[in-house]
Amino acid sequence: MYVVIFGRPGCPYCVRAVQLSEQLVEKRDDFKFRYVDIHAEGISKADLEKTVGKPVETVPQIFVDEKHVGGCTDFEQYVRDNNLLG
1 MYVVIFGRPG CPYCVRAVQL SEQLVEKRDD FKFRYVDIHA EGISKADLEK
51 TVGKPVETVP QIFVDEKHVG GCTDFEQYVR DNNLLG
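The sequence shown begins at 1 in full-length UniProt numbering and counts up one residue at a time.
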């Protein structure tokens, strides 16, 4: 499982998503993630909307195996629904 988190500095939900991903890395051999700082990478809101495929108002925007899951709360629900932390 490969997760990509698009976020920005100072975003508490981005921090939560990264912390959850770090827990998953520790618990699972099949989990990897990448955090993309949209400011450092020069990714605009329009760029992110193209990647997501719909209007984006917030970060983080999270993808699991290239499928858009949503924001931090959606990712937390995905982890619970799929019992990823066991």
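We put the beta carbon where it would ideally sit given N, CA and C, even for glycine.
Nearest candidate by alpha-carbon position, reference arginine 16, set Asp81, Cys72, Asn82 and Glu26: Cys72
Distance check for lysine 32 and residue 162, CA to CA, integer angstroms please. With the chain covering 1 to 86 only, the question about residue 162 has no answer from this structure.
C-alpha distance - histidine 68 paired with valine 52, whole-angstrom precision: 6 Å
C-beta atoms of phenylalanine 63 and phenylalanine 6 nearer than 9 Å: yes
According to DSSP, is phenylalanine 75 helix, strand or coil? Phenylalanine 75: helix per DSSP, three-state reduction.
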